[in-house]
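Everything on this sheet refers to the single structure shown next.
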Amino acid sequence: MASFNVSVNFTVSPVTENFKYIALMGRLILMSSIFFLNTLVLVTLVRGRHAEFSDIKYWFLRSHVFSDIFVSLIFSAFVVLKYGQINIDVSYLCLLMHSLLMSSNQVSAMSLLFVSVDQYIAIVHPLRYNRLVSELSAKVAVSFSWLFSAIVAFLPLIIRWDQRVDHFTECSVSVFPLAYVVFWGIVQLYIPCVLMVTMYAQVLVVAHRHIRQNQMEVQPQNVDVHLGSMPLSILKAEVKVAVTVVIMLVVLMVCWLPFNIVLTMNVHSGRMLHLIAVVGPLAVTNSLFNPILYLIRFAKLRKSCIGMIRFKCCNKFQSAVLPINLDVM
């Protein structure tokens, strides 16, 4: 069994003390915001009373939100290690922490991918939706996303890469082999994004064509027109979800593409290590944008969150006001 030593030194040079303090506070605020907003959205999706929240696609959205919560917790550990100047002198523990962060990000991308598949079947093949998509298949897909992400992220530990690392000096992304970094970038970002772009291109084209055709026709007695077996009102709601996920896809690319490029270049040539401190938080910021987009784009979710906060606050206020016992007076 590998043994490791952890040394702690909280001494900070006076020259960089203010800068490190600002950077530390910024990262703590970022992690706290990610944790709070995603927890609020997750609790609302789980305990919300809207019947819509029991829809199949919300299984994937709950998994997506939970993975973002996990990101905030793991990245917080990295912040403590860095700014607490805690030095890990064993490659196994370093690989473990990075693998946890990578697995949560992999789940986030795969959750969006499964939402895309759900939207694709619902809009492009509505007559086959009830046969292909069910609550059981959603649970299987969510379980598969977590299992597959864990296998991909922990692959360096599975093949015992930590025993092959020579001259390990500090815990950084350079501990990973170049072949794995390229493989992880392809699986975590490029393949899901290509698949989502392909599906949503067809989804938006098909939905736009049918909505336009329905709007050009005069419908007697306000009867909904169906796309296959889908009412027009439901079709428009599905398109709104599709547009939201497309926006999330763009945000995912903007946040994670620089990190993947810098990570690959750093492992390949040993350069750009200083840029990790910039693109790393940028990548994690993706987990902050996701719940904000949920709250902005989904009115029912937003109203449920506000209602839940008001309910909790009112209960605390009422419990703080003690009733007066007139028998004692």
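In our numbering, the protein residues as written are -6 to 322. Note that CB positions come from ideal geometry on N, CA and C, so glycine has one too.
DSSP three-state assignment for residue i, whether helix, strand or coil
i      : result
Gly41  : coil
Ser56  : helix
Val260 : helix
Asp111 : helix
Arg153 : coil
Ser127 : coil
His91  : helix
Asp61  : helix
Leu170 : The residue you asked about is not Leu; residue 170 is Pro in the sequence shown. The answer is coil: DSSP assigns Pro170 none of H, G, I, E or B.
Phe291 : coil
Phe147 : coil
Ile67  : helix
His267 : helix
His201 : helix
Ile179 : helix
Ile49  : coil
Backbone CA spacing between residue i and residue j [nearest angstrom]
i      : j      : result
Val238 : Ala200 : 15 Å
Val51  : Tyr193 : Note that residue 51 is Tyr in the sequence shown, not Val. Each residue's Cα considered, the two are about 18 Å apart.
Ser56  : His203 : 31 Å
Leu288 : Leu294 : 6 Å
Ile116 : Ile179 : 28 Å
Leu275 : Glu231 : 30 Å
Leu94  : Val58  : 15 Å
Asp111 : Val126 : 8 Å
Lys233 : Ile240 : 11 Å
Ser222 : Lys13  : Bear in mind that the predicted position of Ser222 carries a pLDDT of just 49, short of 50, making it unreliable; the figure below should be weighed with that in mind. About 58 Å.
Ile184 : Trp249 : 13 Å
Met301 : Val133 : 30 Å
Lys229 : Arg121 : 19 Å
Gln99  : Trp139 : 8 Å
Ser47  : Ala146 : 30 Å
Leu74  : Leu182 : 27 Å
Ser262 : Phe252 : 15 Å
Ala131 : Phe137 : 10 Å
Ala278 : Gln206 : Just to set this straight, residue 278 is Thr in the shown sequence, not Ala. About 40 Å.
Ala16  : Val247 : 22 Å
Arg124 : Gly273 : 42 Å
Val236 : Val271 : 29 Å
Ala292 : Val198 : 25 Å
Ile144 : Arg290 : 33 Å
Ser69  : Ile299 : 27 Å
His267 : Cys306 : 44 Å
Asn11  : Ile62  : 29 Å
Pick from the options that is closest to residue i, judged by C-alpha positions
i      : options                        : result
Ser297 : Leu38, Leu129, Asn11, Ser25    : Leu38
Tyr85  : Lys233, Asp111, Leu148         : Leu148
Pro170 : Pro251, Met258, Leu245, Ile227 : Met258
Ser101 : Pro274, Ile269, Ile302, Phe141 : Phe141
Thr191 : Tyr113, Leu66, Lys132, Val174  : Tyr113
Ile254 : Val234, Phe71, Lys75, Ile269   : Ile269
Ile152 : Leu88, Leu74, Asn11, Met246    : Leu88
Phe304 : Leu54, Gly41, Trp139, Val64    : Gly41
Val64  : Ser96, Val175, Leu74, Phe53    : Ser96
Tyr173 : Val73, Ser92, Ser226, Cys306   : Ser92
Leu325 : Asp61, Phe53, Val272, Ala235   : No answer is possible for residue 325: the residues shown for the chain start at -6 and end at 322.
Leu35  : Ala16, Ser60, Arg20            : Ser60
Leu150 : Met90, His118, Thr278          : Met90
Ile67  : Cys306, Arg290, Ser280, His118 : Ser280
Val243 : Val196, Leu256, Val187         : Val187
Arg20  : Cys306, Phe71, Asn11           : Phe71
Phe333 : Leu256, Cys306, Val277         : This structure does not reach residue 333, given that the chain is present from -6 up to 322, and the question cannot be answered.
Pro119 : Val196, Cys306, Arg205         : Val196
Val260 : Gln206, Leu245, Val168         : Val168
Ile227 : Asn11, Glu45, Met18            : Glu45
Leu245 : His267, Met189, Ile62          : Met189
Ile49  : Cys306, Val135, Asn11          : Val135
heavy atom of the ligand MG below 7 Å from residue i C-beta
i     : result
Val72 : This structure lacks the ligand MG, and indeed carries no ligand of any kind.
(message) Does the contact criterion of 3 or more C-beta pairs under 8 Å hold for the region 21 to 37 versus the region 283 to 299?
(response) Segments in contact, yes.
(request) Examine the Cβ distances between the region 101 to 111 and the region 18 to 29 and report whether three or more of them are shorter than 8 Å. (result) The answer is no - the region 18 to 29 does not touch the region 101 to 111, with fewer than three Cβ pairs under 8 Å.
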